[in-house]
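**Student:**
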Amino acid sequence: DSGVTQTPKHLITATGQRVTLRCSPRSGDLSVYWYQQSLDQGLQFLIHYYNGEERAKGNILERFSAQQFPDLHSELNLSSLELGDSALYFCASSALGQGASDTQYFGPGTRLTVL
Amino acid sequence: GENVEQHPSTLSVQEGDSAVIKCTYSDSASNYFPWYKQELGKGPQLIIDIRSNVGEKKDQRIAVTLNKTAKHFSLHITETQPEDSAVYFCAASIGSGYSTLTFGKGTMLLVSP
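These protein sequences, in sequence, are chains A and C.
So the mapping is simple: this note's numbering equals the position in the first sequence, first residue as 1, plus 72.
So the mapping is simple: this note's numbering equals the position in the second sequence, first residue as 1, plus 19.
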């Protein structure tokens, strides 16, 4: 158990809908990272928040957005969902976030299925 | 941006054999190289990492080597056990500022008893 929690574990929804994925980092960690894992694209970095502020953006679609709240939990919002958005979404946390060489601890993931 | 290639995509070995997974990276500024193990239904777990000021690092049955000139790094697992069966990912990053990890596509390792 990494100490990172993600809810829900599974999510099934329809095209065009909007969903919110939630992540709670390890106790004391200030950084949260979101990744998308699909069979054809592998693990893709989406976005990094450090102590409430956005620090880096990867291949995140405009339909996706995220935020980190004062209690340091984070939410990833996915809207206007398409079939191709079906994937595993992982959250990771690290103590400082000062560079990616800060060890990242991954949560168990949320499996999103868009029908 | 950074590109990480990982080979092989699948690897089958007998219990007790050694397994080697290789990765190459494109950005010569990358200086941090972690390896993650992902078991079925779980998130990736860091198993070992290496920084560019070190050529090799060992942790029990696991070792990682880095060749900065050739821009490649490898994971070596000795005396493999069935519980080593999982998907292994390499990654690379420029370990300063708010840089990001770029992952390889993964290697599915199957260790047969």
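Using N, Cα and C, we set each Cβ at its ideal position, and we do this for glycine too.
Applying the 10 Å Cβ sphere with the 16-neighbour rule, what's the burial state of F141/A?
**Tutor:** Position 69 of the first sequence, counted from the first residue, corresponds to residue 141/A. So F141/A ends up on the exposed side.
**Student:** Is E147/A helix, strand or coil when you go by DSSP?
**Tutor:** Translated into positions along the first sequence, residue 147/A becomes position 75. In the structure shown, E147/A sits in a strand (DSSP, three-state: E or B).
**Student:** Could you give the DSSP three-state label for G156/A: helix, strand or coil?
**Tutor:** Stepping through the first sequence from its first residue, residue 156/A is reached at position 84. Three-state DSSP puts G156/A in a helix.
**Student:** Using a beta-carbon distance cut-off of less than 7 Å, what residues from the segment 137-161 of chain A approach chain C?
**Tutor:** Here the close residues number zero.
**Student:** K41/C to H91/C, Cα distance in whole Å?
**Tutor:** As a first step, residue 41/C is located in the second sequence; it is residue number 22 there, counting from the start. As a first step, residue 91/C is located in the second sequence; it is residue number 72 there, counting from the start. Approximately 7 Å, taken between the alpha carbons.
**Student:** Determine which residues of the segment 44-76 of chain C have a Cβ less than 9 Å from any Cβ of chain A, and write them out in chain order.
**Tutor:** Within the segment 44-76 of chain C, the residues whose Cβ lies closer than 9 Å to some Cβ of chain A are N50, Y51, P53, Y55, Q57, G60, K61, G62, P63, Q64, L65, D68, R70, listed in chain order.
**Student:** From the DSSP secondary-structure annotation, give me the bridge partner or partners of Q100/C.
**Tutor:** Numbered from its first residue, the second sequence carries residue 100/C at position 81. Partner(s): none; Q100/C has no beta bridge.
**Student:** Check each candidate in V130/C, L128/C, C109/C and name the one with the smallest Cα separation from V23/C.
**Tutor:** Walking along the second sequence from the start, residue 23/C turns up at place 4. V23/C has its Cα closest to that of C109/C, out of V130/C, L128/C, C109/C.
**Student:** Of all the CB atoms in chain C, is at least one closer than 8 Å to the CB of P97/A?
**Tutor:** As a first step, residue 97/A must be located in the first sequence, where it is residue number 25. Chain C contact via Cβ: absent.
**Student:** Taking Cβ-Cβ distances shorter than 7 Å, what residues in chain A pair up with K124/C?
**Tutor:** Indexing the second sequence from 1 puts residue 124/C at position 105. G114, listed in chain order.
**Student:** Could you check whether R94/A and Q78/A sit closer than 8 Å to each other, using their CB atoms as the reference points?
**Tutor:** Locating residue 78/A in the first sequence gives position 6, where the first residue counts as 1. Locating residue 94/A in the first sequence gives position 22, where the first residue counts as 1. Going by C-beta atoms, Q78/A is nearer than 8 Å to R94/A.
**Student:** Are E75/C and T84/C closer than 8 Å when you measure CB to CB?
**Tutor:** Within the second sequence, residue 75/C is the residue found at index 56, counting from 1. Within the second sequence, residue 84/C is the residue found at index 65, counting from 1. Result yes, Cβ atoms of E75/C and T84/C sit closer than 8 Å.
**Student:** Check the C-beta distance from A138/A over to N149/A and give it rounded, since I have them as a contact under 8 Å.
**Tutor:** Here residue 138/A corresponds to residue number 66 of the first sequence, with the count starting at 1. Here residue 149/A corresponds to residue number 77 of the first sequence, with the count starting at 1. With a Cβ gap of about 7 Å, A138/A and N149/A count as contacting.
**Student:** According to DSSP, which residues form a beta bridge with I40/C?
**Tutor:** Position 21 of the second sequence holds residue 40/C. DSSP output for I40/C lists L94/C as bridge partner(s).
**Student:** Cα separation between L94/C and I66/C?
**Tutor:** Your numbering for residue 94/C matches position 75 in the second sequence. Your numbering for residue 66/C matches position 47 in the second sequence. Cα to Cα, the separation comes out at about 10 Å.
**Student:** Using only alpha-carbon positions, find the residue among Q57/C, I96/C, S45/C that is nearest to N86/C.
**Tutor:** Numbered from 1 along the second sequence, position 67 holds the residue referred to as residue 86/C. It is S45/C.
**Student:** Under the assumption that T185/A contacts K81/A (Cβ atoms under 8 Å), give the Cβ distance between them as a whole number of angstroms.
**Tutor:** Position 113 of the first sequence, counted from the first residue, corresponds to residue 185/A. Position 9 of the first sequence, counted from the first residue, corresponds to residue 81/A. About 12 Å separates the two Cβ atoms, so there is no contact after all.
**Student:** Name the residue from P180/A, Q176/A, L118/A, L102/A whose alpha carbon lies nearest to the alpha carbon of E125/A.
**Tutor:** Residue 125/A sits at position 53 when you count from the first residue of the first sequence. For the residues P180/A, Q176/A, L118/A, L102/A, the minimum Cα distance to E125/A belongs to L102/A.
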